[in-house]
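Chemist: Its first residue numbered 2, the sequence shown is counted upward by one per residue in my numbering.
C-beta atoms are modelled at their ideal positions from N, C-alpha and C, and glycine is treated no differently.
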Amino acid sequence: MPEYQVEEWHGEECVSSQATNADDPLSAVEKVTGQRVSPRALQEHWFRVVDEDARSTHEFSVEDGGAAADFAK
């Protein structure tokens, strides 16, 4: 399984980052947040998943749009 770097962002500030192994970027961010996510659509609270092997980034946000949580814990 590839390793992904999942970064939590508030606006343009990265507030946490953690590495995780997953089958794909979507699975990686859902594993870290414990919630369903969708492609980012201009939300203030969002996640960037970096795949350094494939040299790609992916942006997601939590689907329910609920209150921000600290996913770094």
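Residue 2 to residue 12, Cα distance in whole Å?
Modeler: The straight-line gap from Cα to Cα measures roughly 30 Å.
Chemist: Closest to residue 63 by C-alpha separation, out of 50, 54, 36 and 8, would be which residue?
Modeler: The shortest Cα separation from residue 63 among 50, 54, 36 and 8 belongs to 36.
Chemist: Could you pull the DSSP bridge partners for residue 13 from this structure?
Modeler: According to DSSP, residue 13 bridges with nothing at all.
Chemist: Please state whether DSSP places residue 1 in a helix, a strand or coil.
Modeler: An answer regarding residue 1 cannot be provided, because it is not within the stretch 2 to 74 covered by the chain.
Chemist: With a threshold of 16 other CB atoms inside 10 Å of the CB of residue 67, please say whether the residue is buried or exposed.
Modeler: Note that residue 67 scores a pLDDT of 49, beneath 50, so its modelled location is shaky; the value from the coordinates is reported in the next line. Flag for residue 67 reads exposed.
Chemist: Can you tell me whether DSSP reads residue 31 as helix, strand or coil?
Modeler: Residue 31: helix per DSSP, three-state reduction.
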